[in-house]
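Down below is the structure, laid out as structure tokens.
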Amino acid sequence: MLPFKTLQEAESAIGRSLTTAETIWFNYSANKSDYYLYCHNILFLFLIFSCVPLYYLFLEFFFRKSIQSYKIQPKVNLSLSDVFRCYKVVIRMFILVVGPLQLVSYPSVKMIGIRTSLPLPSLWVILLQLGTYFIVEDYTNYWIHRFLHCKWGYEKIHKVHHEYTAPIGFAAPYAHWLEVLILGIPSFLGPAIAPGHMITLWLWIAFRQIEAIETHSGYDLPWSITKYIPFYGGADYHDYHHYVGGQSQSNFASVFTYCDYIYGTDKVISVLWVFIFGLQVPFCNHTDSYTAASYLTGLSLSKEGPPAVKGASNANGEQNGGSATFAKDCKDD
Ligand SMILES: [Zn+2]
Ligand SMILES: [Zn+2]
Numbered sequence: 665m666l667p668f669k670t671l672q673e674a675e676s677a678i679g680r681s682l683t684t685a686e687t688i689w690f691n692y693s694a695n696k697s698d699y700y701l702y703c704h705n706i707l708f709l710f711l712i713f714s715c716v717p718l719y720y721l722f723l724e725f726f727f728r729k730s731i732q733s734y735k736i737q738p739k740v741n742l743s744l745s746d747v748f749r750c751y752k753v754v755i756r757m758f759i760l761v762v763g764p765l766q767l768v769s770y771p772s773v774k775m776i777g778i779r780t781s782l783p784l785p786s787l788w789v790i791l792l793q794l795g796t797y798f799i800v801e802d803y804t805n806y807w808i809h810r811f812l813h814c815k816w817g818y819e820k821i822h823k824v825h826h827e828y829t830a831p832i833g834f835a836a837p838y839a840h841w842l843e844v845l846i847l848g849i850p851s852f853l854g855p856a857i858a859p860g861h862m863i864t865l866w867l868w869i870a871f872r873q874i875e876a877i878e879t880h881s882g883y884d885l886p887w888s889i890t891k892y893i894p895f896y897g898g899a900d901y902h903d904y905h906h907y908v909g910g911q912s913q914s915n916f917a918s919v920f921t922y923c924d925y926i927y928g929t930d931k932v933i934s935v936l937w938v939f940i941f942g943l944q945v946p947f948c949n950h951t952d953s954y955t956a957a958s959y960l961t962g963l964s965l966s967k968e969g970p971p972a973v974k975g976a977s978n979a980n981g982e983q984n985g986g987s988a989t990f991a992k993d994c995k996d997d
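Here it is, written out as structure tokens:
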């Protein structure tokens with residue numbers, strides 16, 4: 665709630681006329697509590713999750729032939745009832761987990777200094793803060809995601825998110841409830857490090873959600889504006905992670921690609937580690953590098969499993985030489 669009763673009061677407190685955006689914000693928020701404004705995030709999350717994936721469904725339904733070449737796993741086609749089932753599961757999770765989390769997390773938002781007051785931040789400040797939030801989220805999410813691919817983390821928690829080996833937009837938040845809670849930490853860290861205005865927080869939650877939906881859309885659309893963002897992973901990048909499934913030990917990053925490059929878990933680099941340098945990627949299983957080689961070359965390498973590399977083991981902790989589980993053969997060769 666703003667500490668001004670009229671526009672004139674606000675202008676004399678700031679020492680200048682309000683901009684158009686500030687006038688709109690004053691008219692909208694002057695009599696609303698900060699808690700109420702914060703809870704708008706629940707509505708935004710629901711609307712974005714319900715509407716943005718429809719864009720991809722619309723393209724698939726009306727322009728199937730035109731966009732078929734951009735579909736990452738063209739052999740996989742989910743029925744509308746499958747899509748609706750996914751939507752229902754996520755909405756239930758929103759009601760039982762995400763919504764309540766938003767309702768009770770307000771004190772932490774106040775504590776880190778998210779403000780609703782005037783003046784509004786400039787566009788440059790908003791863009792700088794959003795960029796910071798994405799970088800912080802990407803880095804933290806990378807390590808949590810890697811942890812979730814250890815035997816325990818995968819079996820107990822992360823397996824649910826990997827049920828979709830060919831993801832769709834509605835499957836972006838499809839995950840175990842504990843994963844949803846844990847991955848709230850990377851999303852919160854950015855605003856905690858560089859706290860901004862409530863509008864910036866709204867935009868952050870909205871853009872992060874839209875980005876996750878695009879990444880899971882199953883389409884690598886050439887006209888996507890995200891193609892112009894340096895080091896942006898995108899749908900093709902994350903789709904590979906789902907394609908490999910439970911054995912996946914590469915392409916962990918949620919937004920950008922540089923963490924996977926730096927830590928040797930990019931699918932190309934992981935192949936270089938094993939097949940050129942003869943080394944195992946630190947903390948990773950060797951089987952995935954073999955799958956990556958298969959994927960990149962288009963060759964159907966032997967299903968007997970990867971060639972033995974000293975000290976390497978697969979995701980189940982088995983030493984090489986055992987049978988390797990390969991991803992479903994749903995990629996168009
Ligand atoms: Zn994963
Ligand atoms: Zn995913």
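Counted the way this note's numbering counts, the sequence shown spans residues 665 to 997.
Yeah, the Cβ is synthetic: ideal placement off N, Cα and C, and Gly gets one too.
Counting the other CB atoms within 10 Å of its CB gives Leu845 a total below 16, which places it among the exposed residues. Assigned with DSSP and collapsed to three states, Phe916 falls in coil, not helix or strand. With a cutoff of 8 Å on beta-carbon distance, Thr864 and Leu765 are scored as not near each other.
At a cut-off of 7 Å, the beta-carbon of His902 counts as near ligand 2: some heavy atom of the ligand is closer than that. Per DSSP, the beta-bridge partners of His861 are Arg779. By DSSP's assignment, Tyr896 forms a beta bridge with Phe920. For Lys820, the three-state secondary structure derived from DSSP is helix. Under the 10 Å beta carbon count, Lys669 is surrounded by fewer than 16 other beta carbons and is classified as exposed. Annotated three-state conformation of Tyr883 is strand, per DSSP.
When rounded, the separation of the alpha-carbon atoms in Asp884 and Pro837 is 19 Å. Residue pairing by DSSP places Lys735 opposite Tyr883 in a beta bridge. The distance from the Cβ of His902 to that of Ala835 is about 11 Å, inconsistent with a contact at the 8 Å cut-off.
For Thr804, the enclosing alpha helix (DSSP H) starts and ends at Leu787 to Leu812. Here Ile736 is buried: its Cβ has 16 or more other Cβ atoms, across all protein chains shown, within 10 Å. C-alpha of Ala674 to C-alpha of Thr684: approximately 13 Å in a straight line. Shown here, Ile832 sits in coil according to DSSP, grouped into three states, outside any helix or strand. Note that the C-beta distance between Ile790 and Met862 is not below 8 Å. Judged by DSSP in its simplified three-state form, Ala870 adopts helix. By alpha-carbon distance to Leu853, the top candidate from Leu701, Ile821 and Thr804 is Thr804. Rounded to the nearest angstrom, the Cβ distance from Tyr896 to Val919 is 7 Å, consistent with a contact under 8 Å.
Remark: C-beta atoms of Ser851 and Arg872 approach each other more closely than 8 Å. It is roughly 46 Å from the alpha-carbon of Phe727 to the alpha-carbon of Ser781.
For Trp841, the closest alpha carbon among the candidates Thr921, Arg756, Gly882 and Pro886 is that of Arg756. The C-beta of Arg810 has 16 or more other C-beta atoms within 10 Å across all chains shown, which makes the residue buried. Secondary structure at Cys703: coil, using DSSP grouped into helix, strand and coil. In this structure, His840 has its beta carbon at no less than 7 Å from each heavy atom of ligand 1.
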